[in-house]
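Q: Take -3 as the starting number for the sequence shown in the working numbering and just add one per residue.
Beta carbons: idealized from backbone N, C-alpha and C, even for Gly.
If you're wondering where the values come from, they're calculated on a predicted model, not measured in any experiment.
Let me begin by handing over the structure; questions about it come next.
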Amino acid sequence: MRLACSDCEAIADAAEITCRSCGGLLAFGAADVDGAAVARLFAERRSSRDPLDTSGVWRYRELLPAISRDAVVTMRENAVPIYDAPLGAKRAGMKRLAYLHLGMNPTGSFKDCGMTVAVSRAHERGMRAAICASTGNTAAAMAAYCARAGMAAIVLVPAVGISASKVAQTLDYGATVLAIDGDFDAALAVVRRLDAKSIAVVNSINPYRIEGQKCAAFRLLDERNWNVPDWLVVPGGNLGNASAFGKGFREARALGLIDRIPRIAVIQASGAAPFAHVFRDGGELVPVTAKTTATAIKIGAPASWKKALAEVHASNGVVIHVDDDAIADARATIGRDGIGCEPASAATLAGLTRLVADGTIDREADVVLALTGHVLKDTAYATSFHESHATQANRIVRVGNDDELFARIEQVARPAHA
């Protein structure tokens, strides 16, 4: 597979992650394989117990950069479900709706899809350590996969404004966590100054990460028997997910696995929406100081914006932003569907509601929302929400005596029509 700059198209060395000529991000070209043949392989592997086949990434290994089987670090990542979303559909005014729950990955986020490939590549190269900047999910994924590979993991995080649950998870996996005075963008700027030939940089600027993350598109299509939805809605932070989904859909179409690609809608938080602004206004992206309680998308200078913009345009998609209150309310609805997700994931439902209301998405369309993080990724957020006066807040009820206790139980258990 050819590795080249996504801006100037200069051919790159396999050990690099940014272009030597212009500093642009690198991307792999599509694999030169027979579409019909790999389709048969993918179908056969669904019943296999081989660890590579049970992974929702390595099952599609013919479409990935070649990595030695002995070097692969896998934990059955991307073997994630698609759920019906009846309450989400009702809230958005849709006839039907589905959630692709990438939060059901081993470390609880979609980051595992890319990290298995990035860390496997570093492992193959004999790298002793990996590093990333993170608001939490990338850190947890890197730490877990490095632990499995026997590699050291170093994480740069903002000292404030990230989920304590994610930091605790990362510490459990044995990573060295360095808190800096600055936001995610400042942390990533530090990481980008490092020599990627001596330490594995595994943020989404790493092209191997995107190769793994594109497999979320394959998983979605495979689970639907290669029936293409009309729309895929994704949250927008550093935008590696949007660019990866688009790449996966385009490659699937080129192989003849599908005959069209879904339209992609990227939803940002209003306080961290530079991508939505550049989509609307054109020109170059203008970084912002990110302000949102949806910490996973609290990114003001997304590194993958050019690649993501190209994928949105290629799919005839859209980019919008929604405020934190809408995200909080949408998250509560997803919880009432019995699914649950972290705040950033719920931007998808909040955005869909707006896109249906303004007529961009038809109420009868076949739509999938990508939920990128697990509900337990930010327990402090959930606690704060349910202690608030929000419409869907579900406050703990304190009871003073047995009479009140049994009265409350009877009240809740009574049939709705009684």
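Please classify Trp222: does DSSP put it in a helix, a strand, or coil?
A: Position 226 of the sequence shown, counting from 1, holds the residue named residue 222. If DSSP states are grouped into helix, strand and coil, Trp222 belongs with coil.
Q: Which of the three DSSP states is assigned to Val318 in this structure?
A: Counting from 1 along the sequence shown, the entry for residue 318 is found at position 322. Strand.
Q: Rounded to the nearest angstrom, how far is the Cβ of Gly313 from that of Ala268, given a contact under 8 Å?
A: Taking the sequence shown and counting its residues from 1, one reaches residue 313 at position 317. Taking the sequence shown and counting its residues from 1, one reaches residue 268 at position 272. The Cβ separation is near 19 Å, so there is no contact.
Q: Where do the ends of the alpha helix (DSSP H) carrying Cys109 lie?
A: Taking the sequence shown and counting its residues from 1, one reaches residue 109 at position 113. Taken as a continuous stretch (DSSP letters only), the alpha helix (DSSP H) holding Cys109 covers Lys107 to Glu120.
Q: Which one of Ala11, Gly25 and Cys15 has the shortest CA to CA distance from Glu207?
A: For the purposes of this step, residue 207 is identified with residue 211 of the sequence shown, where counting begins at 1. When only C-alpha atoms are compared, the closest one is Gly25.
Q: Could you check what DSSP says for Ala343 in three-state terms: helix, strand or coil?
A: One-based indexing of the sequence shown puts residue 343 at position 347. Here Ala343 sits in helix by DSSP.
Q: Roughly how many angstroms separate the alpha carbons of His413 and Thr349, rounded to a whole number?
A: Locating residue 413 in the sequence shown gives position 417, where the first residue counts as 1. Locating residue 349 in the sequence shown gives position 353, where the first residue counts as 1. Computed Cα separation, rounded: 30 Å.
Q: Among the candidates Phe402, Arg359, Ala23 and Thr379, whose CA atom is the shortest distance from the CA of Ala88?
A: Looking up residue 88 in the sequence shown gives position 92. Here the closest residue by C-alpha is Arg359.
Q: Any idea if Phe402 is buried or exposed, counting beta-carbon neighbours within 10 angstroms, 16 or more meaning buried?
A: Position 406 of the sequence shown, counted from the first residue, corresponds to residue 402. Classification for Phe402: exposed.
Q: Starting from the C-beta of Leu248, find all residues in its chain whose C-beta is less than 7 Å away, skip the five residues before and the five after it, and write them out in chain order.
A: By one-based count along the sequence shown, residue 248 stands at place 252. Note on identity: in this sequence residue 248 is Ala, with Leu being the wrong assignment. So the list reads Ala213, Phe214, Leu217 and Ile254, once near-sequence residues are dropped.
Q: Using only CA atoms, which one of Gly336, Ala261 and Thr329 lies nearest to Ala304?
A: Within the sequence shown, numbered from 1, the residue matching residue 304 stands at position 308. Nearest C-alpha to Ala304: Ala261.
Q: Going by DSSP in three states, Thr14 sits in which element: helix, strand or coil?
A: As a position in the sequence shown, residue 14 is number 18, starting the count at 1. Strand at Thr14.
Q: Rounded to a whole number of angstroms, what is the C-alpha to C-alpha distance between Thr103 and Ala140?
A: Here residue 103 is taken as the residue at index 107 of the sequence shown, counted from 1. Here residue 140 is taken as the residue at index 144 of the sequence shown, counted from 1. So the alpha carbons of these two residues sit roughly 7 Å apart.
Q: Within the same chain, show all residues whose beta-carbon is closer than 6 Å to that of Ala67, passing over the 5 residues directly before and after it, in chain order.
A: Within the sequence shown, the letter at position 71 stands for residue 67. Excluding residues within five positions, the ones whose Cβ falls inside 6 Å are Ser116, His119 and Glu120.
Q: Starting from the C-beta of Ser130, find all residues in its chain whose C-beta is less than 6 Å away, skip the five residues before and the five after it, and write them out in chain order.
A: By 1-based counting over the sequence shown, the position of residue 130 is 134. For Ser130, where only same-chain residues beyond five positions count, the Cβ hits under 6 Å are Val151 and Val153.
Q: Tell me whether Glu280 is buried or exposed, calling it buried when 16 or more other Cβ atoms sit within 10 Å of its Cβ.
A: Position 284 of the sequence shown, counting from 1, holds the residue named residue 280. Label assigned to Glu280: exposed.
Q: Let me check understanding here. Comparing Cα to Cα, which of Glu338, Ala6 and Phe271 lies closest to Asn234?
A: Here residue 234 refers to the residue found at position 238 of the sequence shown. Looking at the Cα atoms, Phe271 is the closest of the given residues.
Q: Pull up the CB-CB distance for Glu219 and Ile335, whole angstroms please, since I reckon it's below 8 Å.
A: Here residue 219 corresponds to residue number 223 of the sequence shown, with the count starting at 1. Here residue 335 corresponds to residue number 339 of the sequence shown, with the count starting at 1. Contact doesn't hold; Cβ gap of about 16 Å is too wide.
Q: I want to know whether the segment 19 to 35 touches the segment 196 to 206 - three or more CB-CB distances under 8 Å.
A: Yes, the segment 19 to 35 touches the segment 196 to 206.
Q: Following the continuous alpha helix (DSSP H) through Ile405, name the residue where it begins and the one where it ends.
A: The sequence position of residue 405 within the sequence shown is 409, counting from 1. Run containing Ile405: Asp398 to Ala409, per the alpha helix (DSSP H) assignment.
Q: For Gly31, which residues of its own chain have a beta-carbon under 7 Å away from its beta-carbon, when the five flanking residues on both sides are left out?
A: Stepping through the sequence shown from its first residue, residue 31 is reached at position 35. These residues qualify, in order along the chain: Leu251, Gly252 and Leu253.
Q: Can you name, in chain order, every residue of its own chain whose Cβ lies under 6 Å from the Cβ of Ala175, other than the five neighbours on each side?
A: Within the sequence shown, residue 175 is the residue found at index 179, counting from 1. Contacts found: Val153 and Ala155.
Q: May I have the straight-line CA-CA distance separating Ile195 from Lys107, to the nearest angstrom?
A: Here residue 195 refers to the residue found at position 199 when the sequence shown is read from its first residue. Here residue 107 refers to the residue found at position 111 when the sequence shown is read from its first residue. One C-alpha to the other measures close to 19 Å.
Q: Determine the direct distance from the alpha carbon of Leu167 to that of Ser44, and round the result to whole angstroms.
A: In the sequence shown, the residue the question calls residue 44 occupies position 48. In the sequence shown, the residue the question calls residue 167 occupies position 171. Approximately 34 Å between the Cα atoms of the pair.
Q: Could you give the residue range of the alpha helix (DSSP H) that holds Ile392?
A: For the purposes of this step, residue 392 is taken as the residue at position 396 of the sequence shown. Careful: Ile392 lies outside any alpha helix (DSSP H) and carries neither H nor E.
Q: Once the 5 residues before and after Ala326 are set aside, which same chain residues still bring their CB inside 6 Å of it?
A: Within the sequence shown, the letter at position 330 stands for residue 326. Here the set comprises Ala342, Leu345 and Ala346.
Q: What residue from Val29, Arg394 and Ile7 has the CA that sits closest to Gly19's CA?
A: By 1-based counting over the sequence shown, the position of residue 19 is 23. Of Val29, Arg394 and Ile7, the residue nearest in Cα terms is Ile7.
Q: To the nearest whole angstrom, what separates the beta carbons of Thr288 and Asn199, a pair I think is in contact under 8 Å?
A: In the sequence shown, counting from the first residue as 1, residue 288 sits at position 292. In the sequence shown, counting from the first residue as 1, residue 199 sits at position 203. No, Thr288 and Asn199 are not in contact; Cβ-Cβ is about 20 Å, not under 8 Å.
Q: Applying the criterion that 16 or more other CB atoms from any shown protein chain within 10 Å of the CB defines a buried residue, is Gln209 buried or exposed?
A: Residue mapping note: residue 209 aligns to position 213 of the sequence shown, counting from 1. Classification of Gln209: buried, given that the 10 Å Cβ count is 16 or more.
Q: What did DSSP end up calling Ile206 once you bin it into helix, strand or coil?
A: By 1-based counting over the sequence shown, the position of residue 206 is 210. In this structure, Ile206 counts as helix in the three-state DSSP scheme.
Q: According to the neighbour-count rule (16 or more other Cβ atoms, all chains shown, within 10 Å of its Cβ), is Glu40 buried or exposed?
A: Locating residue 40 in the sequence shown gives position 44, where the first residue counts as 1. The residue in question, Glu40, is exposed, as its Cβ has fewer than 16 Cβ neighbours within 10 Å.
Q: Beta-carbon within less than 8 Å of Ser266's beta-carbon, same chain only, minus the 5 sequence neighbours each way: which residues are those?
A: As a working mapping, residue 266 is identified with position 270 in the sequence shown. Counting only Cβ-Cβ distances below 8 Å, and skipping sequence neighbours, we find Thr288, His317, Val318, Asp319 and Asp320.
Q: Looking at the strands, I want to know which residues DSSP matches up with Ala0.
A: Locating residue 0 in the sequence shown gives position 4, where the first residue counts as 1. Ile7 and Ala23, per the DSSP bridge assignment.
Q: Could you check if Gly122 is buried or exposed, using at least 16 other CB atoms within 10 Å of its CB as the buried criterion?
A: As a working mapping, residue 122 is identified with position 126 in the sequence shown. It counts as exposed.
Q: Mind checking which residues open and close the beta strand (DSSP E) that includes Leu59?
A: Along the sequence shown, one-based indexing puts residue 59 at 63. No beta strand (DSSP E) contains Leu59, which DSSP labels as neither H nor E.
Q: For the candidate residues Ala183, Pro231, Val408 and Ala192, whose alpha-carbon lies nearest to that of Ser105?
A: On the sequence shown, residue 105 is found 109 positions in, with the first residue counted as 1. Nearest C-alpha to Ser105: Pro231.
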